[in-house]
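Novice: In order, the protein sequences belong to chains A, B, C and D.
If you want my numbering, it's the position in the first sequence, counting the first as 1, plus 10.
If you want my numbering, it's the position in the second sequence, counting the first as 1, plus 10.
If you want my numbering, it's the position in the third sequence, counting the first as 1, plus 10.
If you want my numbering, it's the position in the fourth sequence, counting the first as 1, plus 10.
4 protein chains.
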Amino acid sequence: MIHVGVIGVGYWGPNIIRNFHANRRSQIDVCCDFRDDRLNFIKTTYPFLHTTKDYKEVINDPKIDLVAICTPVFSHYELAKAVLEAGKHVLIEKPMTSNTKQAEHLIEIAAKKGLHIFVDHTFVYTGAVRKIKDLINSGELGELYYFDSVRVNLGLLQHDVNVLWDLAPHDISIMNHLLDKQPQAIVATGADHFGNGFEDVAYLTVYFPDNLIAHIHTNWLSPVKIRHTLIAGSKKMVVWDDNKPSEKVLVYDKGVDVVHSDDQVYDMLVQYRTGDMYCPKIDSTEALASEVNQIIDCLEENRNGFADGQAGLRVVEILEAAQKSIKNMGKEISI
Amino acid sequence: MIHVGVIGVGYWGPNIIRNFHANRRSQIDVCCDFRDDRLNFIKTTYPFLHTTKDYKEVINDPKIDLVAICTPVFSHYELAKAVLEAGKHVLIEKPMTSNTKQAEHLIEIAAKKGLHIFVDHTFVYTGAVRKIKDLINSGELGELYYFDSVRVNLGLLQHDVNVLWDLAPHDISIMNHLLDKQPQAIVATGADHFGNGFEDVAYLTVYFPDNLIAHIHTNWLSPVKIRHTLIAGSKKMVVWDDNKPSEKVLVYDKGVDVVHSDDQVYDMLVQYRTGDMYCPKIDSTEALASEVNQIIDCLEENRNGFADGQAGLRVVEILEAAQKSIKNMGKEISI
Amino acid sequence: MIHVGVIGVGYWGPNIIRNFHANRRSQIDVCCDFRDDRLNFIKTTYPFLHTTKDYKEVINDPKIDLVAICTPVFSHYELAKAVLEAGKHVLIEKPMTSNTKQAEHLIEIAAKKGLHIFVDHTFVYTGAVRKIKDLINSGELGELYYFDSVRVNLGLLQHDVNVLWDLAPHDISIMNHLLDKQPQAIVATGADHFGNGFEDVAYLTVYFPDNLIAHIHTNWLSPVKIRHTLIAGSKKMVVWDDNKPSEKVLVYDKGVDVVHSDDQVYDMLVQYRTGDMYCPKIDSTEALASEVNQIIDCLEENRNGFADGQAGLRVVEILEAAQKSIKNMGKEISI
Amino acid sequence: MIHVGVIGVGYWGPNIIRNFHANRRSQIDVCCDFRDDRLNFIKTTYPFLHTTKDYKEVINDPKIDLVAICTPVFSHYELAKAVLEAGKHVLIEKPMTSNTKQAEHLIEIAAKKGLHIFVDHTFVYTGAVRKIKDLINSGELGELYYFDSVRVNLGLLQHDVNVLWDLAPHDISIMNHLLDKQPQAIVATGADHFGNGFEDVAYLTVYFPDNLIAHIHTNWLSPVKIRHTLIAGSKKMVVWDDNKPSEKVLVYDKGVDVVHSDDQVYDMLVQYRTGDMYCPKIDSTEALASEVNQIIDCLEENRNGFADGQAGLRVVEILEAAQKSIKNMGKEISI
């Protein structure tokens, strides 16, 4: 039985509690927040849970194996450091930290202590992403051409981060998980319409080797919610519309075949394929339940999951570069 | 009665012929192409039309008032120059020319000769764009925040231009028409997956004064056709989905009101508005019919239309800058 | 504080528990089921709840004010009768009973005892239905022409009722609530594809006075889930798509104006109106929470709610007639 | 070369002309209408066509092989009879005639004279219907359960027929073509909201042998245009949304497998299949072009097409029965 403590029970913490509570191999023992109303809310649903306003009670509780940190980004590093130094595994909300230096330091401490870091990149555990990963790994899509993701809605303007730090961790973690390649450089543009220095609209291009390109559009000022991803390969193409209640992933047997003639490089023979489209059946297990299950597996088998410290670091790296680029009108930043 | 000649009857030329033929104030007299099969196709539908393989026959025909040039981009400049020098008005397919220098020269000749240049920015004549233009001009949207346009499909790979030159003239001409502001700089990124130097996926950010930002996504390798535009202002927001058979333009009474407190610039009071949405009734006249009508009005009244040489030049200016930026990994190019 | 007991914690019972638990003016004290696994499931989430396999424990518990019956239809009558005879108010799952005689008897007992019957017509408490009710009551739709509802999906074939008894209680209760008129007759057709006597596809026409017509299509063998309702009046028309994540209700300023000339009744002057469409903002409170709140109000103020025994009876009446019609190849049955 | 004459060039006639004109094996020689403006309209597009206001000129023209009748329904019989008696083949708009007696008489004359009747059931020539027909014929759908078709929009109220006669010929001809079975009985309901005796909303159930059921919903008072067909078989299910610009036909590997246990007929073991969905590629040739091509084939090979006089009669038979049923509150009418 894995014993779990949770620090931060605002928006996401209750979902973490619900899923560890529901898993038969784990037990939530304690949760912490400095807001009385949030603790009361938890008490109503889980009257048997110990609640506290002092995070040290969680960290120092000897029966706790894993501490989940569900607080604002700026506090991730200090809290995770304290958890690791107290000899416990840690699950950190995305993005992992406010900068790469902090992420690297946490990885270092965990390695030294023989502990595991899990970063809560929930989306990579969805049935949709797992299916697309299968399509890519099996070679069904062919050589990848691009990854294009749109994540926009009328969002909660944040006071401490821009829209990329708020929304793009989803897209970047999905992109890294699916493409499984090291990006070379990024270019980001955006605009801040409320004069507080935090962009509410942002566009991010990520250059990978072999002409693979990725693009992420995040926006807090969209009247409609869009969660739309296009992934094209030389053989097939995928449209993933996460807003649809069903049939989220469609696979198109469409593409372009180019035959270069021998004498003339410019004289391409282009052939279009437009065959059938199909919608694969997708596992509808709640992503967080799958994630919690994998975390427990990892702890029992002493190994890392999909979304370990390195995965967390790679996301922060791109966010940090994007921030630099966006402030310099799209300057190319190497990764 | 305006007498019209057409050079180039490939994909778009027949639409030009059909619309000038249908208008009671104009008459198509002659059309030209170097391909026999295209001329035969025209002959079948319009047996009374004179056809020729020599464009000079069109240009030198004394009864012709206006020549429409519907040929590939690289030939626009030479043909339009010849038309203007022969003392005739000219309607040029978009994009107007292959570079700004050519566009400027055509404008100069037309001015000297007292002739009119029309650029076929058909989309600005659609009911949708005219309705959105009304919403912006009436102040209903408030101060504009951004313009975001996606135009993707499994496209005809071109041999002589990249996807931006092929598709973005639509978006750029719509953007310029709606925003009616001078852009300051652009950043473009993209990738070429077939090794011929012409990007098939491209992203373009356009910076305008006052934090107004625009973004255009064009793509020839998308399995699905998307024509989706978001325009947000401080008061209302517009979603225009040109793929829908009806209800293309939706107006959302949504937004964010930010109140800065006196002492603390960081302490923003953010309020969200999410009121009703409505779908205005839109004129469904074919855009090209409206355009042809305006061209004839202009010729009768000796004035320019929405889409004159200057409008054509402004589109080419952005395309030229985008090409430079895209080849330099998103380098910012001032306009 | 209203004390509530629940009999039956299969699919719907847990939702009833969750909502009475969440309301500050009510408290769930006890729940009953004959299946151990269901009781254990409830115990996991609500460890403080008393559970029992004997429904008489619930009925005879002196502190209980209201008993919710969430069991299969065939048991509603016997259980509700026992509850009422024990002097408690009752909330009954839809449909209220297996036939009109039973419903009438329960109404009679409740009246005699001064108790209230609530029928769980949850849908009439949704934001969508309440908004449409407002549109009708305010006269915005004009004189009503028709109500057309489609409720289809790949459904759980039931062993004891046909698809109408399973799905149509939603549509009929919504129809009765919105139209607020006494139907005159019905015609129902359908087919049973598995030879067990229970139709899996069924169509129901309901005739109202003044040429108002309603139609309900229910289907357990549809590959896609459709929840689509059209309501047209002489002034405006409503489309309600309950499957959409947002913008569920659209109001169209469309219609037909017919002017009869004096001499010739056949010579109608038909004029079409196709104006704007709008999407009213809709309250997104969970319907069951609103319903629970109204039930508590009613108990505190000793009055009936929207969905009282009479409303329950009216639904059963139509279902009973439909069953008779469907077995007689669409024979018209008067109500 | 097949020589064609057209009587009636209102809404549909010009499409007939365009398609026979475009086919290399046929030639339009003459068209007739009693309205000058319609003849002038045709003259503008086809200046070489002979036009006349006297239909006898068409019928008696010795070079004409086939006469297309594109006039209102009430005139079909008299005109078609005259055409056949003049020894020419005839193509008749749908529905073929105003009643079954007329249709039977035309079939009789044609048989006697050795001539062919074609009825313009255009929809059975669409790529969508041809693909669904293949799916049914190949056994991919299994044993058919139901056919459900919705065809609604804000329609042109007709002065001489109800909404069923106006819209349902499409659905009935598609249904007959796809199911290829003799219906046993029908039940129809509907309402007339403008007091002229012609229903503007109508529902039609068609009973086939083996529990196969069909339902057609037609409506002139719908604010939205819906063209949606569900077809379910024991193996797979089809959704055809003709309103979509692409991906109109989706095939679902969904269904219900029922295993009856030996002892107990009521104890069904129900298993649900919910596998992949796919979207077959569909021929996008204009339906009327395929139809015209088949008609010419038939004339050259002296045989009937898909949509011959018998097919036309079967549609009229159902319409006639539906009219009787609808006026008798859903009375079952045997076919």
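Ideal Cβ positions, reconstructed from N, Cα and C, are used throughout, including at glycine.
Since the structure is predicted, the reported quantities are computational estimates derived from the model, not experimental observations.
How do the stretch 71-78 of chain D and the stretch 93-105 of chain D stand: do at least 3 beta-carbon pairs fall below 8 Å, yes or no?
Specialist: Result yes; three or more Cβ-Cβ pairs closer than 8 Å.
Novice: Please report the straight-line C-alpha distance between residue 54 of chain C and residue 34 of chain C, rounded to a whole angstrom.
Specialist: One-based indexing of the third sequence puts residue 54 of chain C at position 44. One-based indexing of the third sequence puts residue 34 of chain C at position 24. Going by the C-alpha atoms only, they are around 22 Å apart.
Novice: Answer yes or no: do residue 151 of chain A and residue 258 of chain A have a C-beta to C-beta separation smaller than 8 Å?
Specialist: As a working mapping, residue 151 of chain A is identified with position 141 in the first sequence. As a working mapping, residue 258 of chain A is identified with position 248 in the first sequence. No; because the gap between Cβ atoms is not below 8 Å, this pair is not in contact.
Novice: Can you check which of these residues, B:172, B:179, B:221, B:213, is closest to residue 204 of chain B by C-alpha distance?
Specialist: Along the second sequence, one-based indexing puts residue 204 of chain B at 194. Looking at B:172, B:179, B:221, B:213, the one whose alpha-carbon comes closest to that of residue 204 of chain B is B:172.
Novice: At a CB-CB cut-off below 9 Å, which residues of chain D make contact with residue 150 of chain A?
Specialist: Your numbering for residue 150 of chain A matches position 140 in the first sequence. In chain order: nothing, as chain D lies at least about 13 Å away.
Novice: Can you list the residues of chain C that residue 201 of chain D reaches, using a CB-CB cut of under 7 Å?
Specialist: Taking the fourth sequence and counting its residues from 1, the one referred to as residue 201 of chain D is at position 191. 156, 221, 223, listed in chain order.
Novice: To the nearest angstrom, how far is it from the Cα of residue 113 of chain A to the Cα of residue 105 of chain A?
Specialist: The residue given as residue 113 of chain A occupies position 103 in the first sequence. The residue given as residue 105 of chain A occupies position 95 in the first sequence. Rounded to whole angstroms, residue 113 of chain A to residue 105 of chain A spans 10 Å at the Cα level.
Novice: Is residue 167 of chain C close to chain D, meaning its C-beta is less than 8 Å from at least one C-beta of that chain?
Specialist: If you number the third sequence from 1, residue 167 of chain C lands on position 157. Judged by the 8 Å Cβ criterion, residue 167 of chain C is in contact with chain D.
Novice: Looking at C-beta atoms only, is the number of pairs between the stretch 313-321 of chain B and the stretch 174-183 of chain A that lie closer than 8 Å three or more?
Specialist: no
Novice: Just curious, the beta strand (DSSP E) that residue 300 of chain D is in, first and last residue?
Specialist: The residue labelled residue 300 of chain D in the question sits at position 290 within the fourth sequence. Here residue 300 of chain D belongs to no beta strand (DSSP E); instead the alpha helix (DSSP H) covers 297-311.
Novice: Hey, does residue 342 of chain C have any beta-carbon neighbour from chain D nearer than 8 Å?
Specialist: In the third sequence, counting from the first residue as 1, residue 342 of chain C sits at position 332. Closer than 8 Å to some Cβ of chain D, the Cβ of residue 342 of chain C qualifies, so yes.
Novice: Does the beta carbon of residue 275 of chain C come closer than 8 Å to any beta carbon on chain B?
Specialist: Numbered from 1 along the third sequence, position 265 holds the residue referred to as residue 275 of chain C. In this prediction, residue 275 of chain C scores a pLDDT of 47, lower than 50, which makes its location untrustworthy; no coordinate-derived value is stated.
Novice: So what does residue 86 of chain D bridge to, in DSSP terms?
Specialist: As a working note, residue 86 of chain D is residue 76 in the fourth sequence. Answer is none; residue 86 of chain D lacks a bridge partner.
Novice: So, is the C-beta of residue 17 of chain A closer than 8 Å to a C-beta in chain D?
Specialist: For the purposes of this step, residue 17 of chain A is taken as residue 7 along the first sequence, with counting starting at 1. No, because no Cβ of chain D sits closer than 8 Å to the Cβ of residue 17 of chain A.
Novice: Using C-beta distances below 6 Å, list every residue in its chain close to residue 226 of chain B, excluding the 5 sequence neighbours before and after it, in chain order.
Specialist: Reading the second sequence from its first residue, position 216 is the one you call residue 226 of chain B. Taken in chain order, the residues that qualify are 159, 178, 181, 214.
Novice: Would residue 22 of chain B and residue 142 of chain B be called neighbours here (beta carbons separated by less than 8 Å)?
Specialist: The residue labelled residue 22 of chain B in the question sits at position 12 within the second sequence. The residue labelled residue 142 of chain B in the question sits at position 132 within the second sequence. Their beta carbons are not under 8 Å apart, which means residue 22 of chain B does not touch residue 142 of chain B by this criterion.
Novice: Per DSSP, what kind of secondary structure is residue 15 of chain D in: helix, strand or coil?
Specialist: Here the question's residue 15 of chain D lines up with position 5 in the fourth sequence. In this structure, residue 15 of chain D counts as strand in the three-state DSSP scheme.
Novice: Taking the beta carbon of residue 340 of chain C as the centre, do at least 16 other beta carbons fall within 10 Å, making it buried, or is it exposed?
Specialist: Here the question's residue 340 of chain C lines up with position 330 in the third sequence. Flag for residue 340 of chain C reads buried.
Novice: Would you tell me roughly how many angstroms separate the C-alpha atoms of residue 73 of chain C and residue 17 of chain C, rounded to the nearest one?
Specialist: Numbered from its first residue, the third sequence carries residue 73 of chain C at position 63. Numbered from its first residue, the third sequence carries residue 17 of chain C at position 7. Roughly 16 Å separates the two Cα atoms.
Novice: Measuring CB atoms only, is the stretch 216-223 of chain C touching the stretch 183-193 of chain C, in the sense that at least three cross pairs come out at less than 8 Å?
Specialist: Yes: the two stretches touch, three or more of their Cβ pairs being nearer than 8 Å.
Novice: Using only the alpha-carbon positions, how far apart do residue 128 of chain A and residue 297 of chain A sit?
Specialist: Translated into positions along the first sequence, residue 128 of chain A becomes position 118. Translated into positions along the first sequence, residue 297 of chain A becomes position 287. Their Cα atoms are separated by approximately 15 Å.
Novice: Examine chain C for any beta-carbon lying closer than 8 Å to the beta-carbon of residue 204 of chain D, and answer yes or no.
Specialist: The count along the fourth sequence starts at 1 and reaches residue 204 of chain D at position 194. Yes, residue 204 of chain D counts as interfacial toward chain C.
Novice: Can you give the Cα-Cα distance for residue 157 of chain A and residue 174 of chain A, rounded to whole angstroms?
Specialist: Counted from its first residue, the first sequence places residue 157 of chain A at position 147. Counted from its first residue, the first sequence places residue 174 of chain A at position 164. So the alpha carbons of these two residues sit roughly 17 Å apart.
Novice: Compare the C-alpha of residue 187 of chain A against each of A:103, A:317, A:27, A:290 and name the closest.
Specialist: The sequence position of residue 187 of chain A within the first sequence is 177, counting from 1. Residue 187 of chain A has its Cα closest to that of A:317, out of A:103, A:317, A:27, A:290.
Novice: Give, in chain order, every residue of the stretch 55-73 of chain B whose Cβ lies closer than 7 Å to some Cβ of chain G.
Specialist: Of the protein chains in this structure, namely A, B, C and D, none is chain G.
Novice: Within the 8 Å Cβ cut-off, does residue 233 of chain A reach chain B?
Specialist: Taking the first residue of the first sequence as 1, we reach residue 233 of chain A at position 223. Residue 233 of chain A counts as touching chain B.
Novice: For residue 264 of chain A, return the contacting residues in chain B, with the cut-off set at a CB-CB distance below 7 Å.
Specialist: Along the first sequence, read from residue 1 onward, the residue named residue 264 of chain A stands at position 254. Here the neighbours are 164, 233.
Novice: Give the residues from the stretch 243-261 of chain A that approach chain C closer than 7 Å (Cβ to any Cβ), ordered along the chain.
Specialist: Those residues of the stretch 243-261 of chain A placed with their C-beta closer than 7 Å to a C-beta in chain C are 253, 255, ordered along the chain.
Novice: When the Cα atoms are used, what is the spatial distance from residue 262 of chain D to residue 207 of chain C?
Specialist: The residue given as residue 262 of chain D occupies position 252 in the fourth sequence. The residue given as residue 207 of chain C occupies position 197 in the third sequence. Between residue 262 of chain D and residue 207 of chain C, the C-alpha separation is close to 26 Å.
Novice: Closer than 8 Å by beta-carbon distance: list the chain B residues that pair up with residue 288 of chain C, in chain order.
Specialist: Locating residue 288 of chain C in the third sequence gives position 278, where the first residue counts as 1. In chain order: 286, 287, 288, 289.
Novice: Could you check what DSSP says for residue 136 of chain B in three-state terms: helix, strand or coil?
Specialist: Your numbering for residue 136 of chain B matches position 126 in the second sequence. Annotated three-state conformation of residue 136 of chain B is coil, per DSSP.
Novice: So residue 223 of chain B and residue 162 of chain B are in contact, right, with Cβ under 8 Å, and what is the actual spacing, rounded?
Specialist: Locating residue 223 of chain B in the second sequence gives position 213, counting from the first residue. Locating residue 162 of chain B in the second sequence gives position 152, counting from the first residue. Their Cβ separation, rounded to whole angstroms, is 20 Å, which puts residue 223 of chain B and residue 162 of chain B out of contact at 8 Å.
Novice: Using a Cβ cut-off of 8 Å (strictly closer), state whether residue 215 of chain B contacts chain A.
Specialist: In the second sequence, the residue the question calls residue 215 of chain B occupies position 205. Yes, contact with chain A.
Novice: Sorted by chain position, which residues of the same chain lie with C-beta nearer than 6 Å to residue 199 of chain D's C-beta, five sequence neighbours on each side aside?
Specialist: Locating residue 199 of chain D in the fourth sequence gives position 189, where the first residue counts as 1. Within the same chain, residue 199 of chain D has close Cβ partners 213, 340.
Novice: Taking the continuous alpha helix (DSSP H) assigned at residue 185 of chain D, which residues delimit it?
Specialist: Locating residue 185 of chain D in the fourth sequence gives position 175, where the first residue counts as 1. 173-189 is the span of the alpha helix (DSSP H), which, as asked, contains residue 185 of chain D.
Novice: Among the candidates B:68, B:335, B:136, whose CA atom is the shortest distance from the CA of residue 42 of chain B?
Specialist: In the second sequence, residue 42 of chain B corresponds to position 32, counting from 1. Here the closest residue by C-alpha is B:68.
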